[in-house]
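Peer 1: Mapping of the sequence shown onto the UniProt record's numbering: position 55 corresponds to residue 55, and the numbering continues sequentially without gaps. Ideal placement from N, C-alpha and C gives every residue a C-beta, glycine not left out. Since this is a predicted model, take the numbers as computed values, not measurements. Next up is a structure, given as structure tokens.
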Amino acid sequence: MENNASISVSLEGNISSLPNSMVNDSNGKETSFINHAAIAWAEMRRQWTGDQEKVPKVATPEPTISWCTTYDDLLSSSERFPRPIPLSEMVDFLVDIWHEEGLYD
1 MENNASISVS LEGNISSLPN SMVNDSNGKE TSFINHAAIA WAEMRRQWTG
51 DQEKVPKVAT PEPTISWCTT YDDLLSSSER FPRPIPLSEM VDFLVDIWHE
101 EGLYD
């Protein structure tokens, strides 16, 4: 009868934090199981994403659209914004307007 070890591994962490598990081989002798695939995956992920500890944290910029801007303000003005409006900011703005007008559920 084969003895399977259940390993719960969070591969988001460091490679050194990947656990080794003690399992019994066919002779009943205890052996160490090392998940080489998980280690290789974590190493490839680290190379792809870079060392997150060394990445400087960027402060969130002030929104381009003021919180008190209305939809009419945007339509009636031909002035350019001081910088491009990020898509996520424009979507949030439109969803808020649509909620107020009952157009978005």
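Since residue 34 contacts residue 71 with CB under 8 angstroms, what's their CB separation in whole angstroms?
Peer 2: Here residue 34 refers to the residue found at position 34 when the sequence shown is read from its first residue. Here residue 71 refers to the residue found at position 71 when the sequence shown is read from its first residue. Contact flag wrong, Cβ pair sits at about 59 angstroms.
Peer 1: With distance defined between alpha-carbon atoms, name the residue in 74, 45, 59 nearest to residue 66.
Peer 2: In the sequence shown, residue 66 corresponds to position 66, counting from 1. Answer by Cα proximity: 74.
Peer 1: So residue 81 and residue 69 are in contact, right, with Cβ under 8 angstroms, and what is the actual spacing, rounded?
Peer 2: Within the sequence shown, residue 81 is the residue found at index 81, counting from 1. Within the sequence shown, residue 69 is the residue found at index 69, counting from 1. Residue 81 to residue 69, Cβ: 10 angstroms. No contact.
Peer 1: What would DSSP say about residue 71, mapped onto helix, strand or coil?
Peer 2: Position 71 of the sequence shown, counted from the start, is the residue given in the question as residue 71. The answer is helix: DSSP assigns residue 71 an H, G or I state.
Peer 1: How would you call residue 42, buried or exposed, if buried means at least 16 neighbouring beta carbons within 10 angstroms?
Peer 2: Taking the first residue of the sequence shown as 1, we reach residue 42 at position 42. With 16 or more Cβ atoms within 10 Å of its Cβ, residue 42 is classed as buried.
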